[in-house]
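Residue numbers (the UniProt record's numbering): 1 to 440.
Structure representation (structure tokens):
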């Protein structure tokens with residue numbers, strides 16, 4: 001730390017300190033008495049994410065609060081459990097995993113202590129596939145269920161058994177607004193969560209190997225965002241008054257799209273964002289159902305997975321039925337015919353088209369492809385965004401690329417790392433543009 005910074009007022013110095021990561025804030029406390037106190041200001045820690053044994057121990061001992069505490073393999077739960085009895089640090093989000101009953105018991109103690117401090121609003125719990133079938137998770141699940149004011153719960157159950165709910169010790173008030181659940185099937189605990197928080201839930205994502213608890217979902221009046229596998233009974237959700245986002249997770253390629261899911265697409269009247277996958281059998285059925293829906297004129301975001309070139313002609317023909325469509329995502333390298341069909345007439349509101357880039361071309365050459373250049377020239381407001389694997393955060397064009405465009409040297413700024421969420425347009429960046437808008 002530069003000594004001249006100490007002449008700043010507390011407010012100004014806090015602004016400077018806000019750029020430091022948590023580990024450096026702890027270190028700066030050793031420099032002088034003023035920093036010793038100022039580095040523990042609540043404003044510096046309310047967005048802090050801490051992980052790693054040393055930093056977690058220091059934060060729980062000194063910090064007034066943290067945004068998230070992430071328990072990784074370097075911090076055994078038994079050790080973390082020894083840190084929390086004396087802490088006054090308010091933890092807003094807790095991420096942890098358990099692999100056996102002993103770890104689950106320590107995790108339950110940690111959850112109970114942190115929730116007693118108030119402010120614990122989110123828990124992400126990973127249950128390892130190695131969790132012994134005879135061991136119990138009940139104390140941990142009960143501790144998570146009993147948290148007052150919990151807003152978000154994420155559970156990744158990698159075992160082969162549904163989670164139990166064999167207790168009824170206290171009445172829990174509904175508070176949760178967001179639930180993410182992965183597991184082999186619904187089971188008692190998931191059903192308990194859906195029943196308890198039906199009055200407040202808005203965002204539910206269910207990735208289940210078998211079944212979808214439709215009878216519980218239809219009793220959530222404020223449900224706005226739903227992710228689930230297609231199911232025969234999904235049509236019962238068409239009357240949910242607030243449902244705006246529907247993501248029908250991937251279904252088997254060799255089976256027709258489930259009739260109940262088609263009815264939901266056809267009948268739902270308030271959808272704004274829709275995601276579904278084409279199947280090999282009757283691949284266009286879900287798109288046709290959505291075209292017939294009263295939601296068609298309202299849909300702003302449409303993500304279509306597993307499309308084939310043969311499907312794109314029908315997608316192009318359907319575009320005029322979605323006058324509000326702003327973002328279209330296709331996990332395929334689009335055909336030239338499809339790109340020519342995209343126009344201000346067929347898609348008057350479209351501002352972002354997400355597609356796979358050609359693997360035969362470097363990104364620079366792909367942007368100069370005549371079909372892409374023609375697309376952007378005819379659609380002045382459009383952003384063309386290449387889709388990369390989720391694990392990719394940046395893309396770099398090789399310095400040794402021999403394509404004519406890289407050898408020519410245009411768009412030199414493309415030669416450095418490019419964020420994977422970059423989109424390309426012919427216009428300069430405007431306030432309405434995506435964050436990664438790049439003019440070509």
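Every residue, glycine too, gets a C-beta built ideally from N, C-alpha and C.
Rounded to whole angstroms, what is the Cα-Cα separation between residue 104 and residue 155?
14 Å
- Task: Would you list the residues sitting across from residue 439 in a DSSP beta bridge?
- Result: 425
For this session: Quick one: give me the first and last residue of the alpha helix (DSSP H) that residue 148 is part of.
Result: Run containing residue 148: none; DSSP gives neither H nor E here.
From the DSSP output, which residues share a beta bridge with residue 122?
93 and 152
Roughly how many angstroms lie between the CA atoms of residue 423 and residue 272, to the nearest whole one?
-> 22 Å
Residues near residue 118 by beta carbon distance below 6 Å, same chain, minus five either side: none
Using the three-state DSSP reduction, which class does residue 387 fall into: helix, strand or coil?
coil
Check: Three-state secondary structure (DSSP) at residue 204?
Finding: strand
contact_flag[the region 391-402, the region 412-422] where n(CB pairs < 8 Å) is 3 or more:
yes
- Task: Specify, as a first and last residue, the run of the alpha helix (DSSP H) that residue 43 falls within.
- Result: 42-45
- Task: Tell me whether residue 372 sits in a helix, a strand or coil according to DSSP, three-state version.
- Result: helix
| said: Please return the same chain residues whose Cβ sits closer than 8 Å to the Cβ of residue 185, not counting the five positions on each side in sequence. | reply: 162, 208, 209, 210 and 211
Do you know offhand how far residue 320's Cα is from residue 250's?
-> 26 Å
query = From this set, 281, 296, 355 and 285, which residue's C-alpha is nearest residue 268's C-alpha?
reply = 296
By alpha-carbon positions, which one of 378, 366, 143 and 381 ends up nearest to residue 387?
366
Assigned exposure category for residue 142 - 16 Cβ within 10 Å defines buried: buried
- Task: Could you please give the first and the last residue of the uninterrupted beta strand (DSSP E) stretch that includes residue 67?
- Result: 65-70
Fill in: Cross-strand partners of residue 354 (DSSP beta bridge)
329 and 385
What number of angstroms, rounded off, separates the C-alpha of residue 260 from the C-alpha of residue 192? 25 Å
Requested in this report: Report all residues from its chain with a CB closer than 8 Å to the CB of residue 26; omit the five preceding and five following residues, and keep chain order.
Outcome: 39, 55, 58, 59 and 62
Along the chain, where does the beta strand (DSSP E) that runs through residue 28 open and close?
Residue 28 -> not in any beta strand (DSSP E); alpha helix (DSSP H) instead, spanning 22-28.
Quiz prompt | contact_flag[the region 79-98, the region 121-141] where n(CB pairs < 8 Å) is 3 or more | solution = yes
Compute every distance between the C-beta of residue 272 and the non-hydrogen atoms of the ligand HEM, then say whether any falls below 6 Å.
Here there are no bound small molecules, and the ligand HEM is not part of this structure.
query = Using CA coordinates, which residue listed in 290, 335, 328 and 317 is at the minimum distance from residue 308?
reply = 335
ask   = If you drop the 5 nearest sequence neighbours on each side, which residues of the same chain put their C-beta closer than 6 Å to that of residue 149?
value = 175
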